[in-house]
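Peer 1: Below is one structure. I have some questions about it.
Number of protein chains: 2
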Amino acid sequence: MGPVFSQTSSDPVRLTDAMRSVFVELLVHGPLSRAEVARRLALSPSALTKLTKPFIEAGYLLEASGEGPATVGRPSQPLQVDASRMSFVGIKLTADELFAVRTDLSATVRMETSRPLADHEIDHVLGQIVEVVEELTVPGPLSAVGISLAGTATPADPVVHTSPFLGWSQLPLATLVEEAVSVPTVLDNDVRALTAVQQWFGEGVGHSSFALVTVGAGLGCGLVVGDRLVTGQSGATGLIGHLQIDDRGPMCERGHHGCARAYATSPAIRRSIATTLDRPELTFDDCLAMAADGHPVARRVLDEAGAALGQVVATIANIAGPELVVLSGESVHMYDVCAEAFHTALARHTHWTSTPVRVVVKPFAFNEWARGAAVTALQHLLLHR
Amino acid sequence: MGPVFSQTSSDPVRLTDAMRSVFVELLVHGPLSRAEVARRLALSPSALTKLTKPFIEAGYLLEASGEGPATVGRPSQPLQVDASRMSFVGIKLTADELFAVRTDLSATVRMETSRPLADHEIDHVLGQIVEVVEELTVPGPLSAVGISLAGTATPADPVVHTSPFLGWSQLPLATLVEEAVSVPTVLDNDVRALTAVQQWFGEGVGHSSFALVTVGAGLGCGLVVGDRLVTGQSGATGLIGHLQIDDRGPMCERGHHGCARAYATSPAIRRSIATTLDRPELTFDDCLAMAADGHPVARRVLDEAGAALGQVVATIANIAGPELVVLSGESVHMYDVCAEAFHTALARHTHWTSTPVRVVVKPFAFNEWARGAAVTALQHLLLHR
DNA sequence: TCCCGTTTGTTCATGTTGTCAAGTAAATGA
DNA sequence: TCATTTACTTGACAACATGAACAAACGGGA
Numbered sequence: 001m002g003p004v005f006s007q008t009s010s011d012p013v014r015l016t017d018a019m020r021s022v023f024v025e026l027l028v029h030g031p032l033s034r035a036e037v038a039r040r041l042a043l044s045p046s047a048l049t050k051l052t053k054p055f056i057e058a059g060y061l062l063e064a065s066g067e068g069p070a071t072v073g074r075p076s077q078p079l080q081v082d083a084s085r086m087s088f089v090g091i092k093l094t095a096d097e098l099f100a101v102r103t104d105l106s107a108t109v110r111m112e113t114s115r116p117l118a119d120h121e122i123d124h125v126l127g128q129i130v131e132v133v134e135e136l137t138v139p140g141p142l143s144a145v146g147i148s149l150a151g152t153a154t155p156a157d158p159v160v161h162t163s164p165f166l167g168w169s170q171l172p173l174a175t176l177v178e179e180a181v182s183v184p185t186v187l188d189n190d191v192r193a194l195t196a197v198q199q200w201f202g203e204g205v206g207h208s209s210f211a212l213v214t215v216g217a218g219l220g221c222g223l224v225v226g227d228r229l230v231t232g233q234s235g236a237t238g239l240i241g242h243l244q245i246d247d248r249g250p251m252c253e254r255g256h257h258g259c260a261r262a263y264a265t266s267p268a269i270r271r272s273i274a275t276t277l278d279r280p281e282l283t284f285d286d287c288l289a290m291a292a293d294g295h296p297v298a299r300r301v302l303d304e305a306g307a308a309l310g311q312v313v314a315t316i317a318n319i320a321g322p323e324l325v326v327l328s329g330e331s332v333h334m335y336d337v338c339a340e341a342f343h344t345a346l347a348r349h350t351h352w353t354s355t356p357v358r359v360v361v362k363p364f365a366f367n368e369w370a371r372g373a374a375v376t377a378l379q380h381l382l383l384h385r
Numbered sequence: 386m387g388p389v390f391s392q393t394s395s396d397p398v399r400l401t402d403a404m405r406s407v408f409v410e411l412l413v414h415g416p417l418s419r420a421e422v423a424r425r426l427a428l429s430p431s432a433l434t435k436l437t438k439p440f441i442e443a444g445y446l447l448e449a450s451g452e453g454p455a456t457v458g459r460p461s462q463p464l465q466v467d468a469s470r471m472s473f474v475g476i477k478l479t480a481d482e483l484f485a486v487r488t489d490l491s492a493t494v495r496m497e498t499s500r501p502l503a504d505h506e507i508d509h510v511l512g513q514i515v516e517v518v519e520e521l522t523v524p525g526p527l528s529a530v531g532i533s534l535a536g537t538a539t540p541a542d543p544v545v546h547t548s549p550f551l552g553w554s555q556l557p558l559a560t561l562v563e564e565a566v567s568v569p570t571v572l573d574n575d576v577r578a579l580t581a582v583q584q585w586f587g588e589g590v591g592h593s594s595f596a597l598v599t600v601g602a603g604l605g606c607g608l609v610v611g612d613r614l615v616t617g618q619s620g621a622t623g624l625i626g627h628l629q630i631d632d633r634g635p636m637c638e639r640g641h642h643g644c645a646r647a648y649a650t651s652p653a654i655r656r657s658i659a660t661t662l663d664r665p666e667l668t669f670d671d672c673l674a675m676a677a678d679g680h681p682v683a684r685r686v687l688d689e690a691g692a693a694l695g696q697v698v699a700t701i702a703n704i705a706g707p708e709l710v711v712l713s714g715e716s717v718h719m720y721d722v723c724a725e726a727f728h729t730a731l732a733r734h735t736h737w738t739s740t741p742v743r744v745v746v747k748p749f750a751f752n753e754w755a756r757g758a759a760v761t762a763l764q765h766l767l768l769h770r
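Residue numbers (our numbering), protein chains in the order written: chain A, 1 to 385; chain B, 386 to 770.
Now the structure itself:
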């Protein structure tokens with residue numbers, strides 16, 4: 001983190017592991033008294049006085065003076081991270097567009113913007129990224145930039161290994177961006193970035209293991225085990241799209257029968273209803289509305305989608321045993337229309353010695369992917385610099 | 386670890402985290418020079434002189450004086466753990482028998498024994514356990530006892546939460562044994578214990594993430610992610626037995642169609658072939674021999690079993706992304722008869738953006754389960770005491 | 001053969017980092 | 001008012017690891 005935290009411009013603070021963990025604890029678990037942080041991190045109270053002092057002097061921690069619940073003894077003096085002291089830009093790349101947000105330390109979105117991607121030439125994409133970063137730098141300097149995309153990439157490595165949608169392989173994107181904008185830049189897989197948001201600022205807070213399942217144009221799965229975000233071999237995340245639901249169902253685009261993505265992704269659901277009814281103009285949300293109204297074809301397709309999703313979640317829970325599964329993604333709202341089929345399938349496919357895993361549905365904002373990229377940058381800066 | 390390591394009886398050595406990590410590094414990664422350990426653990430060379438000295442003086446580490454590969458510079462002086470300095474007993478409980486081994490620090494089996502379990506009354510089982518521990522204590526005192534069983538139990542907790550096969554729930558078995566034999570005792574799930582063996586002394590050495598899949602009377606899955614053995618919610622491990630292979634195949638004992646265990650466990654394979662041919666006397670190994678000889682029915686059943694297993698492994702790999710999958714269990718030798726079907730299915734169900742995970746087949750000795758329990762005890766003693 | 005470079009391992013002074021003990025501060029409750 | 005409880009601070013101290021300097025043990029030239 002080097003010069004990131006500095007008391008004065010001439011006296012940079014060196015961060016120890018203990019300082020880092022205190023800062024992260026306060027960032028993630030909100031205002032806490034020194035005594036409480038000491039208990040959580042198994043440190044002595046005196047250690048906390050010393051560990052927090054430089055942060056307070058530099059303005060990164062504030063004494064929140066908000067009174068806790070009235071109790072005997074001296075009232076505690078909660079500390080809070082001043083979220084405005086750092087800013088991050090997160091960028092999500094898709095095949096035809098680029099979404100970007102500027103967030104503060106608490107991952108609150110402060111600005112957002114986007115650009116079309118006319119093609120996937122590196123120069124063009126890089127130009128658009130630089131433009132967006134410059135636009136979002138106007139209110140003040142950035143601490144880090146995060147870029148997320150579907151494909152294999154990790155914060156540990158400045159290179160995009162493969163990205164089928166963008167047609168890239170072995171592209172040192174982080175290096176190129178970092179040189180162009182002079183801000184530390186990290187890459188990550190989009191689903192893992194979204195999982196990072198849940199881990200620090202969402203439903204995953206307080207859980208040492210949970211899974212995130214996304215529903216949208218595809219299916220995705222991110223996993224946190226033992227408080228650590230899992231990075232699969234070569235940077236892949238949970239590849240659940242082609243998990244087989246049965247062996248004779250609809251065919252996915254790669255020729256498998258009964259893949260989960262042939263049942264539960266929004267394009268598959270829309271197409272299935274639209275072709276059965278020969279009404280090609282129907283949108284995905286039209287289909288959801290029809291199912292909610294009890295239209296038999298839409299109802300059947302969404303029941304199957306919910307069942308497929310329930311089976312996917314049960315399979316993940318059986319293998320990894322998370323405390324919680326968070327459902328998210330552009331199409332999570334379909335849950336409202338197929339919750340019953342989902343939970344029936346979840347219970348049916350959960351191993352009989354377990355109770356079904358707790359499932360939380362997280363409404364999805366369109367800029368959530370870009371926010372994920374910002375959190376990736378934030379985590380990387382705070383933990384690994 | 387308190388009094389475990391002692392230079393003299395009156396001068397017990399207090400262990401720091403650094404000492405622990407050095408000792409474990411040497412135990413798991415074999416003879417290494419101080420300089421090499423220093424590099425691996427990111428410590429200074431001088432730290433290693435100090436950290437190893439008490440172990441050497443107490444006789445837990447030996448200067449192996451074996452010359453490494455001839456190279457420039459001063460030859461290194463490899464250090465090695467004296468495996469004989471500690472002994473462990475591991476006990477595997479099944480529905481009708483108890484297997485036990487005595488091992489040294491390197492998990493080498495030095496003695497083994499067993500007892501029938503006439504019933505599952507706690508007093509009877511406890512009596513047999515105590516008898517076995519006393520028999521295995523004859524050559525010298527024990528450092529710890531580990532007990533493994535199918536069900537939900539973890540080293541962190543002295544209580545068996547549930548064990549369907551033994552009909553137990555909420556039984557404080559570790560406490561009872563510990564009081565009876567006066568040796569620290571830990572429990573664990575049997576599959577996780579077996580995974581621990583692979584992690585420290587088997588194919589998992591050198592891999593920060595891998596999965597163990599067992600084939601036998603059931604199917605099991607243990608997972609190591611980020612160098613940590615995963616403990617699912619409530620102490621369960623990978624519950625892959627009822628993973629659905631298709632929706633119309635043979636029915637498992639819980640009424641599901643096409644469960645993995647209806648295809649790939651040894652009883653299911655044997656029964657399928659024996660009933661089809663109306664030859665109830667056939668053993669599982671008879672069935673394997675028939676398939677190897679090309680008998681059409683046996684061939685088909687084993688191809689289906691291999692395919693099911695391949696799909697299970699692919700699913701695990703897709704979700705958790707391990708570097709390696711180790712196949713083991715009482716019936717792994719069936720792999721020889723269905724390797725082709727296995728790898729075809731593995732490739733078919735592996736997500737198209739990945740290459741199939743590397744699979745290693747680990748021959749299984751009948752006392753391997755008990756050895757796992759011993760390793761659980763060893764790990765717990767070395768890491769958490 | 002004799003130095004030189006290289007790597008290993010040790011010793012000792014130094015410095016960082018967190019704990020302990022003691023004391024101060026700020027509330028509640030009798 | 002004063003004891004009790006909890007929070008926080010301060011300074012002495014102990015633990016642990018590092019860095020520098022050095023000894024040891026080898027191979028490889030000149």
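Quick reminder that beta carbons are idealized off the backbone N, C-alpha and C, glycines included. Just so it is clear, the structure is predicted and the values come from calculations on it, not from any experiment.
(1) Step through the CB atoms of chain A and report whether any lies within less than 8 Å of the CB of proline 707 (chain B).
(2) Is there a C-beta anywhere in chain A that falls below 8 Å from the one on glutamine 555 (chain B)?
(3) Report yes if the C-beta distance between threonine 52 (chain A) and leucine 43 (chain A) is below 8 Å; otherwise report no.
(4) Compute the Euclidean distance between the alpha carbons of leucine 239 (chain A) and threonine 353 (chain A), then round it to the nearest angstrom.
(5) Below 6 Å CB to CB, which residues in the same chain sit around isoleucine 56 (chain A) once its five sequence neighbours on both sides are set aside?
(6) Report yes if the CB atom of leucine 511 (chain B) is closer than 8 Å to the CB atom of aspartate 481 (chain B), and no otherwise.
(7) Check whether the Cβ of arginine 115 (chain A) lies closer than 8 Å to any Cβ atom in chain B.
(8) Please tell me whether alanine 292 (chain A) and valine 337 (chain A) are closer than 8 Å, where the distance is taken between their beta carbons.
(9) Please check if any C-beta of chain B sits within less than 8 Å of the C-beta of leucine 239 (chain A).
(10) Could you tell me how far apart the beta carbons of glycine 601 (chain B) and threonine 580 (chain B) are, in whole angstroms, since I believe they sit closer than 8 Å?
(11) How many Å lie between alanine 435 (chain A) and alanine 305 (chain A) at the Cα?
(12) Does the contact criterion of 3 or more C-beta pairs under 8 Å hold for the region 64–84 of chain A versus the region 99–106 of chain A?
(13) How many angstroms separate the CA atom of glycine 444 (chain B) from the CA atom of glycine 226 (chain A)?
(14) What residues from chain B crowd round tryptophan 200 (chain A), counting only those whose CB sits closer than 9 Å?
(15) Under a three-way DSSP split, which group does leucine 483 (chain B) fall into?
(16) Given a cut-off of 8 Å, decide if isoleucine 316 (chain A) and isoleucine 704 (chain B) are closer than it, judged by their beta-carbon atoms.
(17) Report the three-state DSSP secondary structure of serine 6 (chain A) (helix, strand or coil).
(18) Please state if the CB of valine 609 (chain B) and the CB of serine 594 (chain B) are separated by a distance shorter than 8 Å.
(19) Whose Cβ in chain B lies nearer than 7 Å to the Cβ of cysteine 221 (chain A)?
(20) Quick one, are the C-beta atoms of aspartate 188 (chain A) and threonine 376 (chain A) less than 8 Å apart?
(21) Hey, is valine 4 (chain A)'s beta-carbon within less than 8 Å of any beta-carbon in chain B?
(22) Taking only beta-carbon positions, decide if proline 164 (chain A) is within less than 8 Å of chain B.
(23) Output, in sequence order along the chain, the residues in the region 224–235 of chain A whose CB is closer than 8 Å to any CB in chain B.
(24) Can you name, in chain order, every residue of its own chain whose Cβ lies under 8 Å from the Cβ of serine 33 (chain A), other than the five neighbours on each side?
(25) Taking the C-alpha atoms as reference points, what is the distance between phenylalanine 342 (chain A) and leucine 731 (chain B)?
(26) Name, please, each residue of chain B whose Cβ falls closer than 9 Å to the Cβ of aspartate 246 (chain A).
(27) How would you write the range of the beta strand (DSSP E) that phenylalanine 749 (chain B) sits in, first residue to last?
(28) Less than 8 Å between the CB atoms is what I'm expecting for arginine 371 (chain A) and valine 138 (chain A), so what's the real figure, rounded?
(29) Assuming isoleucine 147 (chain A) and valine 177 (chain A) form a contact by the criterion Cβ under 8 Å, report the distance between their Cβ atoms to the nearest whole angstrom.
(30) What is the rounded straight-line gap between the Cα of glycine 605 (chain B) and the Cα of valine 598 (chain B)?
(31) Hey, does serine 533 (chain B) have any beta-carbon neighbour from chain A nearer than 8 Å?
(32) Would you mind sorting proline 322 (chain A) into buried or exposed? The rule is 16 or more other CB atoms within 10 Å of its CB.
(33) Mark methionine 719 (chain B) as exposed unless 16 or more other C-beta atoms lie within 10 angstroms of its C-beta, in which case mark it buried.
(34) Output yes or no for whether 8 Å exceeds the beta carbon distance between leucine 662 (chain B) and valine 682 (chain B).
(35) Is threonine 185 (chain A) buried or exposed, if buried means 16 or more other CB atoms sit within 10 Å of its CB?
(36) Do the CB positions of valine 28 (chain A) and valine 205 (chain A) come within less than 8 Å of each other?
Peer 2: In short, the structure shows the following:
(1) The sequence position of residue 707 (chain B) within the second sequence is 322, counting from 1. By this cut-off, proline 707 (chain B) is an interface position.
(2) Start at 1 with the first residue of the second sequence, and residue 555 (chain B) comes out as number 170. Answer no: the Cβ-Cβ gap between glutamine 555 (chain B) and chain A never drops below 8 Å.
(3) Position 52 of the first sequence, counted from the start, is the residue given in the question as residue 52 (chain A). Position 43 of the first sequence, counted from the start, is the residue given in the question as residue 43 (chain A). No; because the gap between Cβ atoms is not below 8 Å, this pair is not in contact.
(4) Position 239 of the first sequence, counting from 1, holds the residue named residue 239 (chain A). Position 353 of the first sequence, counting from 1, holds the residue named residue 353 (chain A). For leucine 239 (chain A) and threonine 353 (chain A), the distance between alpha carbons rounds to 26 Å.
(5) Within the first sequence, residue 56 (chain A) is the residue found at index 56, counting from 1. There are no such residues.
(6) Taking the first residue of the second sequence as position 1, residue 511 (chain B) is located at position 126. Taking the first residue of the second sequence as position 1, residue 481 (chain B) is located at position 96. Cβ atoms of leucine 511 (chain B) and aspartate 481 (chain B): not closer than 8 Å.
(7) Stepping through the first sequence from its first residue, residue 115 (chain A) is reached at position 115. Chain B contact via Cβ: absent.
(8) Here residue 292 (chain A) refers to the residue found at position 292 when the first sequence is read from its first residue. Here residue 337 (chain A) refers to the residue found at position 337 when the first sequence is read from its first residue. Their beta carbons are under 8 Å apart, which means alanine 292 (chain A) touches valine 337 (chain A) by this criterion.
(9) Along the first sequence, one-based indexing puts residue 239 (chain A) at 239. Cβ-Cβ to chain B under 8 Å: yes for leucine 239 (chain A).
(10) What you label residue 601 (chain B) is simply residue 216 of the second sequence in a count that begins at 1. What you label residue 580 (chain B) is simply residue 195 of the second sequence in a count that begins at 1. Actually they do not touch by this definition, with Cβ atoms about 15 Å apart.
(11) Limits of chain A in this structure are 1 at one end and 385 at the other, which puts residue 435 (chain A) out of reach.
(12) yes
(13) As a first step, residue 444 (chain B) must be located in the second sequence, where it is residue number 59. As a first step, residue 226 (chain A) must be located in the first sequence, where it is residue number 226. Approximately 35 Å, taken between the alpha carbons.
(14) Here the question's residue 200 (chain A) lines up with position 200 in the first sequence. What tryptophan 200 (chain A) touches in chain B: nothing, since even the nearest Cβ is about 17 Å away.
(15) In the second sequence, counting from the first residue as 1, residue 483 (chain B) sits at position 98. Of the three classes helix, strand and coil, the one that applies to leucine 483 (chain B) here is strand, per DSSP.
(16) Looking up residue 704 (chain B) in the second sequence gives position 319. Looking up residue 316 (chain A) in the first sequence gives position 316. Contact flag set, yes.
(17) The residue labelled residue 6 (chain A) in the question sits at position 6 within the first sequence. Unreliable placement is indicated for serine 6 (chain A), whose pLDDT of 45 sits below 50; no coordinate value is reported for it.
(18) Working through the second sequence from its first residue, we reach residue 594 (chain B) at position 209. Working through the second sequence from its first residue, we reach residue 609 (chain B) at position 224. In this structure, valine 609 (chain B) lies closer than 8 Å to serine 594 (chain B) by Cβ.
(19) Taking the first sequence and counting its residues from 1, the one referred to as residue 221 (chain A) is at position 221. Result: Ile704.
(20) What you label residue 188 (chain A) is simply residue 188 of the first sequence in a count that begins at 1. What you label residue 376 (chain A) is simply residue 376 of the first sequence in a count that begins at 1. In this structure, threonine 376 (chain A) lies closer than 8 Å to aspartate 188 (chain A) by Cβ.
(21) Sequence index remark: in the first sequence, residue 4 (chain A) carries index 4 (1-based). Confidence at valine 4 (chain A) is low in this model, with a pLDDT of 44, below 50, so the placement of that residue should be treated as unreliable; the coordinate-derived value is given next. False, the Cβ-Cβ gap to chain B never drops below 8 Å.
(22) Taking the first sequence and counting its residues from 1, the one referred to as residue 164 (chain A) is at position 164. It does; some Cβ of chain B falls within 8 Å.
(23) Val225, Gly226, Arg228, Val230, Thr231, Gly232, Gln233 and Ser234
(24) On the first sequence, residue 33 (chain A) is found 33 positions in, with the first residue counted as 1. Here the set comprises Gly68, Ser76, Gln77, Pro78 and Leu79.
(25) The residue you call residue 342 (chain A) lines up with position 342 of the first sequence. The residue you call residue 731 (chain B) lines up with position 346 of the second sequence. Distance between the alpha carbons of phenylalanine 342 (chain A) and leucine 731 (chain B): 27 Å.
(26) Within the first sequence, numbered from 1, the residue matching residue 246 (chain A) stands at position 246. Within 9 Å Cβ-Cβ: Gln629, Asp631, Asp632, Arg633 and Gly643.
(27) As a first step, residue 749 (chain B) is located in the second sequence; it is residue number 364 there, counting from the start. First-last for phenylalanine 749 (chain B): undefined, no H or E at that position.
(28) As a first step, residue 371 (chain A) must be located in the first sequence, where it is residue number 371. As a first step, residue 138 (chain A) must be located in the first sequence, where it is residue number 138. About 19 Å separates the two Cβ atoms, so there is no contact after all.
(29) Taking the first sequence and counting its residues from 1, the one referred to as residue 147 (chain A) is at position 147. Taking the first sequence and counting its residues from 1, the one referred to as residue 177 (chain A) is at position 177. Yes, isoleucine 147 (chain A) and valine 177 (chain A) are in contact; Cβ-Cβ is about 7 Å, under 8 Å.
(30) What you label residue 605 (chain B) is simply residue 220 of the second sequence in a count that begins at 1. What you label residue 598 (chain B) is simply residue 213 of the second sequence in a count that begins at 1. Their Cα atoms are separated by approximately 6 Å.
(31) Within the second sequence, residue 533 (chain B) is the residue found at index 148, counting from 1. False, the Cβ-Cβ gap to chain A never drops below 8 Å.
(32) In the first sequence, counting from the first residue as 1, residue 322 (chain A) sits at position 322. Under this definition proline 322 (chain A) is a buried residue.
(33) To locate residue 719 (chain B), count along the second sequence from 1; it is residue 334. Burial call: buried.
(34) Residue numbering aside, residue 662 (chain B) sits at position 277 when the second sequence is read from its first letter. Residue numbering aside, residue 682 (chain B) sits at position 297 when the second sequence is read from its first letter. Their beta carbons are under 8 Å apart, which means leucine 662 (chain B) touches valine 682 (chain B) by this criterion.
(35) Reading the first sequence from its first residue, position 185 is the one you call residue 185 (chain A). Classification of threonine 185 (chain A): buried, given that the 10 Å Cβ count is 16 or more.
(36) Position 28 of the first sequence holds residue 28 (chain A). Position 205 of the first sequence holds residue 205 (chain A). In contact: valine 28 (chain A) and valine 205 (chain A) (Cβ atoms closer than 8 Å).
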